[in-house]
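Chains as they are written, first to last, in numbering that gives the first Met the number 0: chain A, 0 to 294; chain B, 0 to 294.
C-beta atoms are modelled at their ideal positions from N, C-alpha and C, and glycine is treated no differently.
Model, not experiment: these values are computed from the prediction.
There are 2 protein chains.
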Amino acid sequence: MGGELRFSEFFSHGAGLTTSLDALLHCEHSGIQHICVVQSPVFGRMLLLDGMVMLTEWDEFIYHEMLVHPALFLLPSPRRVLVIGGGDGGTVREVLRHPSIEHVDLVEIDPRVIAVAQSYFPTVAAGFSDPRVHLHHADGAEFVRSAPSGFYDAVFVDSTDPTGIAESLFGEAFYSECQRVLHATGVLALQSESPLHPVYCQTLPRVHRLLRPLFRHVASYLAPIPTYPTGIWSFTLASRHYHPLEDFSPTNAQQRMECLSGKLRYYTAELHRAAFALPGFVQELISEGLAQPAP
Amino acid sequence: MGGELRFSEFFSHGAGLTTSLDALLHCEHSGIQHICVVQSPVFGRMLLLDGMVMLTEWDEFIYHEMLVHPALFLLPSPRRVLVIGGGDGGTVREVLRHPSIEHVDLVEIDPRVIAVAQSYFPTVAAGFSDPRVHLHHADGAEFVRSAPSGFYDAVFVDSTDPTGIAESLFGEAFYSECQRVLHATGVLALQSESPLHPVYCQTLPRVHRLLRPLFRHVASYLAPIPTYPTGIWSFTLASRHYHPLEDFSPTNAQQRMECLSGKLRYYTAELHRAAFALPGFVQELISEGLAQPAP
């Protein structure tokens, strides 16, 4: 007899991820959102925002490597990077692995996410003390509006789902500002939700509809993220200059991977190309969405 | 107030998949295993064997397409196929899409799985009435021992986890018989569990260790299967003659895809190549396993 501590996240109609918990390590309302840290026997520590998994120690490497490295290995020598969201620090950690990086702006709306990540996820929030990193407690959409034109080589949108505080990070005006603050050869990379999610699967075609008028090249790729809704996740790259595949050199990426600080566990030069090969149903989701009139 | 019908499958320490249920449609003990069919609002009908998800209407297309088509599109004109396990019929359905197929032996140890699939999953068990299909209610390992040498162009091992009734389907003796019943240019394809599973991740390196002495070419590939443990799944191809990538012609596959009966939703010729690009941690899992002495 006895109780059990358990966390479950339902992405639709009571379906989703579940895990027993060893401990509830932290729980607060930051004024913006509920922030919890729990300990799972399988997933390790988990960061929950408003009851949704933001990361787990077990599989965060896949998400962060796949958000960052396809864009950065496409660029010959990325120097200046903007990260919108991503207060846990995982995206910044991956960015800093590239020795060419000189300047990283991280814009996180909720300073408590950063503080909690620093306390409970030191290996994720590893880069915040790096002198190249500049923290900004601000709304991402507002920050890009006041940022200088053509400044960044890469912009990463490491947002929560396209609802609530993150809604403005999936809009036309925001993408237009991202394009403006990027150098002419810069790259925008964003998480574009799960193509199997009953509702948010529409994010992927919507992102294409909004980005294609702004960027010459827009392409999406997938990675498995077991603890995210449906376990399969899409990312989208956009650039006015570089084609994510035709301008990608596996040989160059291979050489540069030797010079990264730390070792990657998911991304490889071969996987870069492979991740852009979309399953039939995902290709259809995008092309059907593009055929529809804008909402 | 009130109760709720719910199914959860834990792959380790209370972690896994959960869903509310609309209905419990069928439940029996076949003498071999518990067979249940439940209705989930998100996953549709689900087939459970001994409490574990065998398939759901929602994502079975990924598993079945990815078990079958990489092997069959590698062969120029597959005619004779052996399916071990797979009593739900999904693998046979995909095999029969190829117009060159003349003869399919399906060996399922539990006839009740076939009967339940025919009643509750008619779109999955679609091929059992096809005159090319021959059902055998037998133990897979025993069936291959008495099958003629060099007869099959492809053998598919569509098994449950490597424990209990399926344990013999992951052994050296079984693989050796599979090699014997295959034509010299034939291909063996099997599900090799999740590379992220805390225990069964060892299946993938073990399969390589056992198959490499028997086949010149052994290569694994991945696909996301959201309702399987960890949501990421590995498959392994083995052939004495064909290299799964070097001997694969995307142009030929593209042409043949036009002549398939029915439309594929996951597999594409581009994805064939892409699926074999393994993440770093999976490459390491395999090479570390190969470096270990045989168990």
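Inset, instruction - May I ask you to list the residues that DSSP assigns as paired with residue 220/B? - result: In DSSP, residue 220/B forms a bridge with 234/B.
Legend entry - Test: residue 199/A CB closer than 8 Å to a CB of chain B: Proximity of residue 199/A to chain B, defined by a Cβ-Cβ separation below 8 Å, is not satisfied.
Inset, instruction - Please check if any C-beta of chain A sits within less than 8 Å of the C-beta of residue 41/B. - result: Contacts with chain A at 8 Å (Cβ-Cβ) include residue 41/B.
Inset, instruction - Could you check which residue in 227/A, 131/A, 216/A and 128/A has the C-alpha nearest to that of residue 199/A? - result: Among 227/A, 131/A, 216/A and 128/A, the Cα nearest to that of residue 199/A is on 227/A.
Legend entry - Chain-order list of residues whose beta-carbon lies under 6 Å from that of residue 156/A (same chain, five-residue window excluded): Only 83, 168 and 189 meet the Cβ criterion.
Legend entry - Nearest-angstrom Cα separation, counted from residue 241/B out to residue 213/B: About 14 Å.
Inset, instruction - Please report how far the alpha carbon of residue 275/B lies from the alpha carbon of residue 31/A, in whole angstroms. - result: Whole-angstrom Cα-Cα distance: 43 Å.
Inset, instruction - Tell me whether the beta-carbon of residue 48/B lies closer than 8 Å to the beta-carbon of residue 37/B. - result: Residue 48/B places its beta carbon 8 Å or farther from that of residue 37/B.
Legend entry - Euclidean distance between Cα positions of residue 286/B and residue 56/A: Spanning the two alpha carbons is a distance of roughly 24 Å.
Legend entry - Minimum Cβ-Cβ distance from residue 264/A to chain B less than 8 Å: Under the Cβ criterion of 8 Å, residue 264/A is counted among the residues facing chain B.
Legend entry - Residue from 248/B, 164/B and 265/B whose Cα sits closest to the Cα of residue 63/B: Nearest option by C-alpha distance: 265/B.
Inset, instruction - Compare the C-alpha of residue 77/A against each of 234/A, 50/A, 101/A and 125/A and name the closest. - result: By alpha-carbon distance to residue 77/A, the top candidate from 234/A, 50/A, 101/A and 125/A is 101/A.
Legend entry - Closest residue to residue 108/B among 42/B, 2/B, 159/B and 50/B (Cα-Cα distance): Considering only alpha carbons, the answer is 159/B.
Inset, instruction - Can you tell me which of the three DSSP states residue 155/A falls into? - result: In this structure, residue 155/A counts as strand in the three-state DSSP scheme.
Legend entry - residue 132/A - containing beta strand (DSSP E), residue span: The continuous beta strand (DSSP E) containing residue 132/A extends over residues 132-135.
Legend entry - Length-filtered (4 minimum) alpha helix (DSSP H) runs lying within the segment 53-114 of chain B: Counting only runs of 4+ residues, the alpha helix (DSSP H) found wholly inside the segment 53-114 of chain B occupies 59-73 and 89-95, in chain order.
Legend entry - Helix, strand or coil at residue 190/B according to DSSP, with G and I counted as helix: Three-state result, residue 190/B: strand.
Legend entry - Contacting residues, own chain, Cβ-Cβ under 6 Å from residue 33/A (five flanking each side not counted): Excluding sequence neighbours, residue 33/A sits near 49.
Legend entry - Rounded Cβ spacing between residue 150/A and residue 180/A (contact assumed at less than 8 Å): Yes, residue 150/A and residue 180/A are in contact; Cβ-Cβ is about 6 Å, under 8 Å.
Inset, instruction - Determine, using beta carbons only, whether residue 216/A comes closer than 8 Å to chain B. - result: The Cβ of residue 216/A sits no closer than 8 Å to any Cβ of chain B.
Legend entry - In DSSP terms, what residue 5/A is bridged to: Per DSSP, the beta bridge partners of residue 5/A are 19/A.
Inset, instruction - Report yes if the C-beta distance between residue 233/A and residue 248/A is below 8 Å; otherwise report no. - result: No.
Inset, instruction - Assign residue 286/A to one of three DSSP states: helix, strand, or coil. - result: The DSSP-derived three-state label of residue 286/A is helix.
Inset, instruction - List the whole-angstrom C-beta distance separating residue 91/A from residue 105/A, where the pair is believed to meet the contact cut-off of C-beta under 8 Å. - result: The pair is a contact, with the Cβ atoms about 6 Å apart (cut-off 8 Å).
Inset, instruction - Rounded to whole angstroms, what's the CA-CA distance from residue 75/A to residue 207/A? Just pull it up for me. - result: So the alpha carbons of these two residues sit roughly 25 Å apart.
Legend entry - Per-residue contacts from residue 249/A into chain B (C-beta, under 9 Å): Near residue 249/A there are no residues of chain B at all, since even the closest Cβ is about 11 Å away, more than 9 Å.
Inset, instruction - May I ask you to report which of helix, strand or coil DSSP gives residue 213/A? - result: Residue 213/A falls in the coil class under three-state DSSP.
Inset, instruction - Report yes if the CB atom of residue 88/A is closer than 8 Å to the CB atom of residue 126/A, and no otherwise. - result: The answer is yes: Cβ separation under 8 Å.
Inset, instruction - Assign residue 22/A to one of two classes, buried (16 or more other C-beta atoms within 10 Å of its C-beta) or exposed (fewer than that). - result: In summary, residue 22/A is exposed, with fewer than 16 beta-carbon neighbours lying within 10 Å of its beta-carbon over all protein chains present.
Inset, instruction - Would you tell me roughly how many angstroms separate the C-alpha atoms of residue 132/A and residue 79/A, rounded to the nearest one? - result: Residue 132/A and residue 79/A have their C-alpha atoms spaced approximately 10 Å apart.
Legend entry - Which of helix, strand or coil DSSP assigns to residue 27/B: In the displayed model, residue 27/B falls within a strand according to three-state DSSP.
Inset, instruction - Find the nearest neighbour of residue 282/B within the set 288/A, 98/A, 269/A and 281/A, judged by alpha-carbon distance. - result: Considering only alpha carbons, the answer is 269/A.
Inset, instruction - Counting only the same chain and skipping the five closest in sequence on each side, list residues whose C-beta sits under 8 Å from that of residue 260/B. - result: Cβ neighbours of residue 260/B beyond the five flanking positions: 95, 96 and 98.
Legend entry - Simplified DSSP state of residue 169/B, which is helix, strand or coil: Correct three-state label for residue 169/B: helix.
Legend entry - Beta-carbon proximity of residue 17/B to residue 7/A, cut-off 8 Å: Yes; because the gap between Cβ atoms is below 8 Å, this pair is in contact.
Legend entry - Closest Cα partner of residue 67/A within the set 284/A, 267/A, 280/A and 291/A: The alpha carbon of residue 67/A has as its nearest neighbour, out of 284/A, 267/A, 280/A and 291/A, the alpha carbon of 267/A.
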